[in-house]
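Remarks on the structure that follows.
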Amino acid sequence: MGFCIANPLPAALLVVQAVIFNRVARTIAATFSGRRRRR
2 MGFCIANPLP AALLVVQAVI FNRVARTIAA TFSGRRRRR
């Protein structure tokens with residue numbers, strides 16, 4: 002865990018990837034749920 006503090010760049014990349022993944026997952030889920038609810 003020390004390398005995360007020593008190198009903040011990799012940690013930041015992981016956070017960015019997590020945020021993007023969450024946004025994509027929510028978008029896909031909202032799209033499927035929206036289609037199912039509307040239909």
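Count along the sequence shown from 1, add 1, and you get the number used in the numbering used here. A virtual CB, placed ideally from N, CA and C, is assigned to each residue, including glycine. Values in this document were obtained by computation on a predicted structure and should not be read as measured data.
Taken atom to atom, the span from the alpha-carbon of F22 to that of T28 is near 10 Å. Counting only the Cα atoms, V20 lies some 11 Å from A13. Secondary structure at N8: coil, using DSSP grouped into helix, strand and coil.
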